[in-house]
Structure formats: structure tokens, C-alpha cells
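Chemist: Sequential numbering from 12 applies to the sequence shown in our numbering. Below you'll find the structure I mean.
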Amino acid sequence: MGRNRKYNGNTKSVSIKLDEIEQSVLNEAMDDLGYKTASDIFRLCFHDYLSFYFNQPSKEDSS
């Protein structure tokens with residue numbers, strides 16, 4: 012997530028502040044949703060994708 016772009020040489024402190032803000036927003040959202048780690052979110056998304064993919068009716072079933 013680091014944004015260490017150099018404008019006149021000194022943006023590292025700004026980059027760290029942005030990362031801290033992003034991390035705190037992500038942590039707050041994950042707490043609100045009841046997820047503790049990024050892998051929880053990944054598992055949820057992957058499970059939803061697989062459920063959606065495998066529960067699609069085939070074209071023959073829809074006639």
C-alpha cells in the first residue's frame with residue numbers, strides 16, 4: 012500500500028499517514044462486519060463465487 016512517490020524529496024511521512032488511515036478504515040469496516048482477517052473476507056468472497064457458479068441452472072433445466 013506504500014505510496015512513496017517523490018515530490019521534492021519528502022513525501023514518506025504523508026505516505027505512512029495515508030497507509031495508517033486506510034488500515035484503520037479497513038479494520039473498522041472488518042470489525043463492523045465481524046471479520047478479523049483479510050483471509051476471512053477472501054474466504055467469504057470465494058465461497059459466494061463458488062456457490063453462485065455451481066448453483067447456476069443449466070440451459071436445459073430452464074426450458
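We put the beta carbon where it would ideally sit given N, CA and C, even for glycine. Every value quoted in this text rests on a predicted model; they were computed, and no experiment measured them.
Could you tell me whether the Cβ of ILE52 comes closer than 8 Å to any Cβ of chain B?
Modeler: Among the chains of the structure shown, chain B does not appear; only one protein chain is present.
Chemist: Could you compute how far the alpha carbon of ASN66 sits from the alpha carbon of PHE53?
Modeler: Answer to the nearest angstrom: the Cα atoms are 20 Å apart.
Chemist: Which of helix, strand or coil does DSSP assign to ASN66?
Modeler: ASN66 falls in the coil class under three-state DSSP.
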